[in-house]
Each structure stands twice: as C-alpha cells, then as structure tokens.
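Quick note, the sequences are listed as chains A and B, same order.
Take the first sequence: its position 85, counted from the start at 1, is 1308 in my numbering, and no numbers get skipped.
Take the second sequence: its position 200, counted from the start at 1, is 370 in my numbering, and no numbers get skipped.
The beta carbon of each residue, even a glycine, is placed where N, CA and C say it ideally should be.
Worksheet for the structure shown next.
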Amino acid sequence: MHVVVVGKLVPDLVEDLEVDASGRGLDRQFLKLVLNEFDEHALEEAVLLKEAHGARVTVLAPEAEGVDDALYTALAKGADRAMKLVGLGEAPSSRQIAAALASALPSLGFDLVLTGVQAADDLDGQVGMLLAGYLGLPHVGVVTGVELDPDGSRARVRKEYPGGWLAELEVQLPAVLGIQAAKQPPRYVPVSRVRQAMKEHTLEELSAEPVPVPRLSVRRLSKPEAAGRAEFLDGSPQEVAAQLVSILVERGLVR
Amino acid sequence: MLTPVERVAFVLLAAACVGWAAVGFLQVFRAIARGRGSLSTDRVLARAASALVAVLSHRTLLKTRRPWAVAHALILFTFTYYFLVNVVDALEGFSGFSTVGQGGVWGPFNLVADVLSVLALVGMTAFLVRRFVFRPRSFQFNPGVLLLPEVVRGIRRDSAVVGAFILLHVGSRWTGQAIRIARHGADPWQPLASLLGELLRPLPEGVLAVGEHVTWWLALGLILLFLPYFPRSKHIHLVFAPVNLTLGLPDPPGRLDTNSRDGTGAARLEDLPKRRILDAYACIMCNRCQDACPAHGVGKSLSPAALEINKRYYLNRHLASFSRGAESPALWEYAISTEALWACTTCAACVHICPVGNAPMLDIVEMRRELVGRGEVEDPNLQDALVKLAKYGNSFGRPERQRGQWTRSLPFPVKDARKEPVDVLWFVGDFASFDPRGQERSQALARLLHHAGVDFGILYEGERNSGNDVRRVGEEGLFEVLAEHNIRALDRARFRVVLTTDPHSLNALRNEYGSFGRSYPVVHYTELLLQLVREGKLQVRRPVGRKVTYHDPCYLARYNRVTEPPRQLLAAVGAELVEMPRNRENTFCCGAGGGRIWMTEQPGKERPSENRIREAAALGVDTFVVACPKDYAMYTDAVKSCGYEGRMVVRDIVELVEQAVGLQAEVAVG
C-alpha cells in the first residue's frame, strides 16, 4: 500500500497580511508560509493508515519558501519519503499542480492519494478532483476518516453532510481523496525528531513541466468593506429607551 | 554473663544475619548503579560535613511538622548513641563485666543512655500512636493516585515492624539495666532505670536472672535479625538519607540536567540517573512532599511521595532480578500515571520540603521528556502551545513582529537593544508582551524606568519565549531552539545587565542558559525598582499606606532565593505587609508553572490559585500583591472564581510603586 500525500504551503493567516502595490496579490515580502491546515490533516490520516496497515507514505509539495521545514516535519511525523515538486514557479494554480501531478504520479506508483480538501489561498479545492479526472480515478471529497480493506483493494471513507448526516462510502483503489479532517488532530512532533529527520533523510525533487492550462487572473484584492454600521446604546433601560426615542424622533421616524 | 551455648549461638546468628544483609545491600547498590550517569564526588568532604550538620540540626526536618521533628530527633540521637551502647553491651555479655554501678567514665555513659532510652521510647510511642490511632490525612493519598497494590498494607506493616523493633530494642536494653540494678544494687547514674529496678526487686532471683538473658537477647539479637530486613524496609533511610544529603541537590536548583541519554528522557527506572533511584531508598514515606504539592493539595492524582514509594515497592519485589539487569516496565505503568505527570507545576515544593534531599520533580521532567520525545503529548492545548512556540516563538501564536507592540502607546520611544547599546536590556517575556493585562503592567514598568532615567531597551521581535517552561514540559529540542535564538540576539546586543519581568525567564537566563556557556547578570524588576528607590531615582511621594499580602513566585523565591527585595520594596513604598502562612521559599504555587498554564484544567476542582487566594483572604487584607505576569493573570481569575470581587484586588508590585511615586492615581479595590 502506497499512500501519496499532496500538500502545499499557504500564507500564515496569523501574520498581518498586506496587499501589495499592484493591488492584486499579497505583499510577499514578510509573508510567512505554512503547510495548509487541511494538508496537515491529510498527512495525519496517511500516518494513521501507515500505523494501522503498514502503508508507505510519500509526501509531495510544490517548492516554496519554508517547504523544506514542512517536508522534514512530515518525515518526522512518520512519512517515508518527501519530495519537492519543482519547476512550477511561484504560487502555482490548482490546475497547474494537478496537471503536473497527473504526469508525475503514475511513475511513482500509488494506491491512494490524499490531498487537503481545500487550501486557504484559493478555496477552490480543485487539486484532488482535477487529478482524479486527469487519471480517470474515483474521487471523494470532504472526507473525515479513511479505513482500508485488508487486501488493499478498497477503502471505506467517512463523509459528513450538512444537517448532521454521516455517510460511509466504499471506493475502489487507486483513488484520490480530499481530506477535511483526520480521525485525530494532527500529532505533535518534537523538535528533536525533526532535527533527526534532517540528518537521516534527504528531500527528493520531482521536476514538473509547466503544462499550458487555463488561468484566472485576480483583478483586485482587498479587505472586505464594512457594509453597514451598528450603534450600541448604553445605560439603564430607562436611559436606553430615552436615547432610542430621541434617535427615532431625530431621524423623523416617529413624531 | 552469657553461657557458652549462648555465645556460640550469638556468633553464628551474627554471621548468618550479616551475610544475609550483605547480599541484600549489595543488590541495592547494584540496583542504584543501574541508573545512568555517575554520582558526583567533587567536594564530597565538604558536602558530607554539611549533610552531617543537616542531620544533627534536623534543619531539613524542622521546615514543617516541628513536634514530630523533635520526636524524630529523640529517636535518631538515641539510635546513634546506641551504636556505642550496643558494642559495650555485647562486650559485657561476652566478658561478664558490668558497667552498672561503676563510676568513672561509665557513670555519665550510663546516665546519657538511661535518659535517651526513655526519650526514644516516648518519641517512638508518639509516632506509633499518631500513625495507628490518629491516622492523619497526611498518610493518605488522593483517590486517583496510582499505587502498587502492596503499598498501603506494606507501609502499615513496615511501620509496625520498625516501631516494634525500636521499642523492643531500646526497651529491652533499658529493662535489662533495670534488672541488673534490681539484682546487683543501686546505680545513681541510671535514675530512670532505677525506678523500674525498684519495682522489679521483689521478683524471685531466678526470674531476674533469666530476665537478664532475655533482655540482652531482645536488645542485641534483635539488631542482628533486623539487619537483613533493612534492604526491604523504609528504615534503610538511616543509611541513604545521609548519602542523599551528601550528594546534594542540583546547583543551581533552576538548571535541569542536560546529560540525558541522546536528548530523550526516562521511561524506566533504569533510565533515570543513579541519584533518582537512590531517592527511593532515602525516602522514609513521610509524605511531606505530598502535603506541599499544589496538585495533590487540590485533589489531583499527583503525589510525589507515591512516586518514590512505588519505585521502592517495585524494587522490593523485583530487587534480585532488577539488580541483575532485568528490564523494568515503564514508570507510568506503576509509579505515576501520565495524568499525574502532566499535573506537575514544577514548583519544586516537594524538593524543597523533602527532609532527605529527594527530588521527585526531576523524575517527572525526565518522564515528560520521554513522552514528548515519543510525540505523546496528550493535552491538545499543550500541543497547540508547543506548535505556536515552535512557529512564532511565543505561546500566544502571535506574529513575532507584534512582540514590541505594547510599547506603541507609551509617550516615549523604547530603545531597540538590537540597534543601540543600552545599560539595562529588558527581556520582557511572553506574558508581559502579549497578555493584555501583562502589557498594561509592562507599560507601567516602562514608565517607571523612563521616569527614573534608566537607559533601557528591549529586543522587540528578536526576543523569543525563554524556554524555561518548554524545558519543563519536556520539549528539550524546542527549548534549545528558543534558547539558541535568544542567545544569538543577546550576543549581538550591548548591555550591562538583563532585566526580566517574568521569574520564569529570569530562571532560564540566569541558570539554564549556563548550559550554552552563557552567564548574564540578571535581575528581577523588583530588585531593580528597589535599587532605584534606594538611590533616590524613584521618590516615594504618596506612601501606599494599606495592608497587603505578597505572593512569592516559585521561580523567584524557591528557585532563585529572591525573597527580600520585593518585601523591602513594599516597605519602601509604605505598604504594610501581612505574611501568608506559606511564604518565601515555602510559597505555594499559583498552578501555572511547568507548562501548566498551557494545559487544560479539570473543571469542578479547586485550583491551586483559588486555594492560595483563600489563604490570603483569611488574613483580612484586601490587596494581593504579585511580582510575576503569570501570577497576575492566574490570581485575577482566581479572585473572580472564588467570588472575592470587590473584597480582594490583585496588584502587581509595579502598580504600587507607580502609585507611590505619583505617576498613577490610587487604584480602588474592586
């Protein structure tokens, strides 16, 4: 059983994000990139599968500032191989990533591909679906838990629907799954193990040829503008009532 | 006096018992030797001398339970004197010579023995009555505390055996003297035994003659029989407690051992340092540590005493195989639960109170290192904090660039110590930088320093969490990353002295960074403020004039022995200090240390901070003064949860100083 986890780095939302001079992207000067939260869950689910079924886990991510740390951390958590997808340039689109993976993955050989269900910087959740489409494989998205059949031919996946419904689906392998949440929160990996992983492993590189794909362009990036405003009235019920009356009178709503 | 048969019997018994005991002691030494590292022997003579002073003075016992320390002294001094008495008695038995009624040196010899014997009998009886009649709470464990099944009955039986042995041994020797007095005439040097002798005199001579033999055997034969029991009994503390006191505690107390195996900690008994295995043999199971423990005090499943006791009972059961090298199970399977491991605040109260120099807290840190090394961090909040500390260098998960943001609302700029030399480099710390309540107190301190004309600066985003509590959580690797980062920043800065707000940072910078070959002069803000007041740079214009109590932070008072400057500062600003019963190095933890501040607190139970606030409330003061930003957060919460709002107010000492200097209006209670 070979599980491939596809991740990517996204801007850390904890930082003060600024729009750059062009007004169409984030100012990347002080941008800190971290592994996408859903990809953390995909990795956790893969490591859980490894622990339960002895699967091999390979982690793949497009190169970016900080990708080495993210990949070494993945190795420290239990991944067996870590690869950087190179040649796609800065901030490749989901379509570019999916196309590159579609040409690179078959040579690696895999039974299951796990991706985060979506990423903070595009929210379109397309990588898994497009990849499944390119490769002609089944795809399930918004998955919250994966179990494997003992013979490795099928996976049973859990998926939560709105309204409190839970479905269990059976999917023929190989397949591509978009992970919403792992069966348990992503584990903590001690720094000593990350350092050990840096000593024991080398990161591999997987070259991707940029494939011409349709692109979108951002016209404008900005913070949401406040639509309306609310005014809060303080004081005792009597005072609030008096204020309310005077406001209503002032605005001509009552006489 | 002895018959030839008795003489042969005694020699044979002595040989058998000494031989049997030797096997046991050898196994104990081998068991201890399985621990890692070596026992430090530098300055061993000086340390032995100080241990001797500690034993003779009972300094370590007198920290608490004073009447019982006195009872212990009576037994200890008698027992020590009895080494001499027993030798003389044995010679008497073999030679037929008797010291009874002899003058010269034997007079005072017997007088001391006579008085001490009775005192030891009184002391021992008091101990037995306490344990078996009054059954104090101190000898009971909280319901959730992990205990080996044989512990409760084992301690009871061992205590009964040891008590009975001492009563019989001392009582028989004393009664024997009384019989000799009854048979051979008065001895003014043994007034107490003479009283009993008078009572025995009417007995038939035959009975007295037999009695002399029986009491001799009960006194000396019993000692021999007791020797092989020693390695199984807590009474072996009389050997290992002085050894432990000689080996001493880590110095400085705030620097943890870095000599762990490959950076990981301890899972099993044999992974612990030798000293920590030795602790189990020095432990007399008095449970003083448990009484002092803030976690046990609020009903949690942590008992430092139970940890040592379980180690000991495990060794008792498996001593032969363990001493030969058999692998033991993980400590958290029998000695301390993982829940209890994570409940420790590393306040070091157990270490401070232990009369025999044990350090159960250090075992706990070793086990935490092991669990963290395996990635087994159960508490999701702790995990979250560690992830944030790794990513951003602070537990708040805030961007590095926001660390200095609290300075923006000040009416003057705060120097960037990375860019220009400063006299005082202020290492602000996470809580004082990011916690909104901490920020206000940091601003107050900055105003005071500015007012006093101190040339100070901070490292802004060059600063990271000091790593003090990260280390105590057991995340050695992350501690190193944080420490190395701070050291690089400090190396590049030019300053005379480091100032810290947080006593935890103070401990890391003053003690822990020594492992990286750095030693900085580090002062706490209470020390600096006191100096500024004394130099007249801060002038008290409006004395505080109210009764306050002061809470000593563990990492300031217990770890770094800074207890007087905050008190002198309070006096200088005109506050009248009313001490809580647990003060100075005997302070009670707020519950935040050792990474507890990042962990989930079980709802429904009293928190250590609430226990502390109730202690203060009983004094009738309305102001609870703290000198640590974590304390400020912990105790303002505790005042609310205890329902003391409006009656009790928490004040950082910096606020009182600011008020006294006249920079800030008086703050009302509530």
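A Cβ-Cβ distance of about 30 Å is found for the pair A:Leu1400 and A:Val1414, leaving them out of contact under the 8 Å criterion. Below 8 Å, too few C-beta pairs join the stretch 316-327 of chain B and the stretch 278-289 of chain B to call them touching: fewer than three. Chain B places a beta carbon closer than 8 Å to that of A:Glu1238, counting this residue as a contact. Proximity of chain B to A:Val1414 at the Cβ level (cut-off 7 Å) is accounted for by Ala560, Glu645, Gly647, Leu648, Val651, in chain order.
Chain-order list of chain A residues neighbouring B:Pro550: Pro1408, by C-beta distance under 7 Å. Taken in chain order, the unbroken stretches of alpha helix (DSSP H) that lie wholly in the stretch 440-495 of chain B and span 4 residues or more are 444-452, 458-462, 464-467, 474-493. Out of A:Glu1448, A:Gly1364, A:Arg1443, the CA that lies nearest to the CA of A:Val1394 is found in A:Gly1364.
Assigned with DSSP and collapsed to three states, B:His228 falls in coil, not helix or strand. Contact check for B:Ile523 and B:Arg458: beta-carbon distance about 5 Å, within the 8 Å limit, so the pair qualifies.
Residues of chain A whose Cβ lies closer than 9 Å to the Cβ of B:Gly567 are, in chain order, Val1237. In this structure, the CA atom of B:Tyr251 is about 15 Å from the CA atom of B:Leu222.
For A:His1424, there is no enclosing alpha helix (DSSP H), since its DSSP letter is neither H nor E. Per DSSP, the unbroken alpha helix (DSSP H) holding A:Lys1273 starts and ends at 1260-1276.
Bridge partners of A:Leu1308 according to DSSP: A:Pro1285, A:Leu1429.
Unbroken beta strand (DSSP E) stretches of 3 residues or longer found wholly inside the stretch 1378-1426 of chain A: 1388-1395, 1398-1402, given in chain order. One thing to note: A:Pro1408 has its Cβ within 8 Å of the Cβ of B:Pro550. B:Gln609 is outside the set of residues whose beta carbon lies under 8 Å from a beta carbon in chain A.
Straight-line measurement puts the Cα of B:Glu440 at about 6 Å from the Cα of B:Arg204. Interface criterion not met: the Cβ of A:Arg1452 is under 8 Å from no Cβ in chain B. Excluding residues up to 5 positions away in sequence, Pro591 lie with their Cβ nearer than 6 Å to the Cβ of B:Arg664 in the same chain. Under the DSSP assignment, B:Ile628 falls outside any alpha helix (DSSP H), being part of the beta strand (DSSP E) whose first and last residues are 626-628. Between the stretch 791-803 of chain B and the stretch 813-829 of chain B there are three or more C-beta pairs closer than 8 Å, enough to call the two in contact. Taking the CA atoms as reference points, B:Gly563 sits about 12 Å from B:Glu650. Residues of the stretch 1414-1444 of chain A with a C-beta atom less than 8 Å from some C-beta of chain B are Val1414, Ser1415, Arg1416, Val1417, Arg1418, listed in chain order.
With respect to B:Ser493, B:Arg200 sits close: the two C-beta atoms are nearer than 8 Å. The Cβ atoms of A:Ala1343 and A:Val1228 do not sit closer than 8 Å to each other. Note that the C-beta distance between B:Ile245 and B:Leu448 is not below 8 Å. If the five residues before and after A:Leu1236 are omitted, its C-beta is found closer than 7 Å to the C-beta atoms of Ala1343, all from its own chain and listed in chain order. Remark: C-beta atoms of B:Leu679 and B:Phe597 approach each other more closely than 8 Å.
Within the stretch 190-235 of chain B, the complete alpha helix (DSSP H) segments at least 4 residues long are 214-227, listed from N- to C-terminus. From the listed residues A:Ser1245, A:Gly1312, A:Val1340, the smallest Cα separation to A:Leu1444 is found for A:Ser1245.
Within the DSSP bridge table, the entry for B:Trp596 names B:Ile628, B:Leu669 as partners. Taking 8 Å as the upper bound for CB-CB distance, A:Asp1374 and A:His1225 are not in contact here, some 15 Å apart. Considering only A:Val1472, A:Gly1348, A:Glu1263, the residue with the shortest C-alpha distance to A:Ser1316 is A:Gly1348. Short of 7 Å from the beta carbon of A:Val1417, and not among the five residues preceding or following it, lie these beta carbons of its own chain, in chain order: Tyr1295, Thr1296, Ala1299. For A:Asp1239, the three-state secondary structure derived from DSSP is coil.
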